[in-house]
Structure formats: structure tokens, C-alpha cells
Amino acid sequence: MKRLAALLAAFLAFPLLGCEDPAAEESAPPATEGEKVVLTEAEWKKKLTKEQYRVLREKGTERPFKGEFWDHHEKGTYHCAGCSAPLFSSADKFDSGTGWPSYTRPVKEGAVAELRDSSHGMTRTEILCARCDGHLGHVFEDGPEPTGLRYCINSVSLTFEKEKDGDAPAPKDGE
Ligand SMILES: [Zn+2]
Numbered sequence: 787m788k789r790l791a792a793l794l795a796a797f798l799a800f801p802l803l804g805c806e807d808p809a810a811e812e813s814a815p816p817a818t819e820g821e822k823v824v825l826t827e828a829e830w831k832k833k834l835t836k837e838q839y840r841v842l843r844e845k846g847t848e849r850p851f852k853g854e855f856w857d858h859h860e861k862g863t864y865h866c867a868g869c870s871a872p873l874f875s876s877a878d879k880f881d882s883g884t885g886w887p888s889y890t891r892p893v894k895e896g897a898v899a900e901l902r903d904s905s906h907g908m909t910r911t912e913i914l915c916a917r918c919d920g921h922l923g924h925v926f927e928d929g930p931e932p933t934g935l936r937y938c939i940n941s942v943s944l945t946f947e948k949e950k951d952g953d954a955p956a957p958k959d960g961e
């Protein structure tokens, strides 16, 4: 009987464990969290469109009011177009009037990396994807509350994942 009880307990526990993190098995990225994605330039060229490569890998800038997301207002999460890491939330997006999608903060600490950029005769802070070092845009100190920061990001560096019905940002379920 003891054995049966143990079996039963294991059986009952299994679906509970499975519910804890439904995303774990289906959509876990090949790189674990925090792990860097490092590809050669040739591999990036193959993986990205010309415009994505120009911005993400060559630190280009898309033309304002021309990108996909500057005037985009759906609820969801913006991911890196290079490595799919989640970078920004629609909850932190605001209309900056610049023609580029703008956010007050990254979706979580450590999602993006900062780098001092002295190109074009200006000193700015460049924003990179922390996982693949892809160029995203710049951060400025003229944003709205609560952070006072404006993360000015190229649409082409991002992909969007719409939030499913319900409050919590839903994990991707293996489309
Ligand atoms: Zn990335």
C-alpha cells in the first residue's frame, strides 16, 4: 500500500509541477537565461534581413515615423529581433513624438546593456541587447515618470508578441 501511495502521490504531483512553468518545456530558448548569443557576421547576415543587419549589427538608425512600432499600441512584449530575448513591455511604452518607439525602462533589469557612444559628435548612451549585443537605440534623460528616462529604440531591432487574454503576460505556446 505504501508503494501505491507513493505512486499516487507522484502521479498527482506531476501535473502540479507541470503547471508551475508551462513555458519551460515548449518554448525554452536554446540559450539559458543570461547566456550570450554569439554568431559570426556571416551567420547574422543569414539570420537577419538587410535592414535588421544594418541596425542591429552595424549600429544603423531607421528613419523616424517609418518603422513598424513607433505608433503601435497593442498590449504585449517587444523582443530582440536578433535573439528573441524579451526587452520592453507595452506597459512602459509612451508617445515621445520622435517617430521611434520609446519606453521608460526595459522589461526587466539586465535585459539591455549600456555603452557610451561618442559618434556623430555627440556623447550618448547606446542601448544594446544584453544577450546578443545587438544595437537597439539610445537612452536619454528626458523621459516621463516614473524613471525620467527615454529609451529610444529602432522598430527594426524589435519583434512584438501580443499579450493573450488575461492580465499576466502569457508565455508563447509553441505556435
Ligand atoms: Zn538580442
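In our numbering, each residue carries its 1-based index in the sequence shown increased by 786.
The C-beta atom is built at its ideal place from N, Cα and C for all residues, glycine as well.
Predicted model only: the values in this text are computed from it and were never measured.
C-alpha distance - residue i paired with residue j, whole-angstrom precision
i: A877; j: P892; result: 10 Å
i: L834; j: S904; result: 26 Å
Collapsed DSSP secondary structure at residue i in the structure displayed
i: E931; result: coil
i: L834; result: coil
i: S905; result: helix
i: E848; result: coil
i: L825; result: coil
i: R936; result: strand
i: S882; result: coil
i: S888; result: strand
i: S1022; result: Residue coverage of the chain in this structure runs from 787 to 961, which leaves residue 1022 outside it and unanswerable.
i: S941; result: helix
One or two residues paired with residue i in a DSSP bridge
i: G862; result: K948
i: L914; result: A899, H921
i: F926; result: R936
Beta-carbon spacing of residue i, residue j below 8 Å
i: G929; j: N940; result: no
i: S882; j: R936; result: yes
i: G920; j: R843; result: yes
i: G728; j: V942; result: This structure cannot settle anything about residue 728, because the visible part of the chain is limited to 787 through 961.
i: V823; j: R910; result: no
Residue i: CB within 7 Å of a non-hydrogen atom of ligand 2
i: G868; result: Judged by which ligands are present, ligand 2 is missing from the structure shown, whose ligands are ligand 1.
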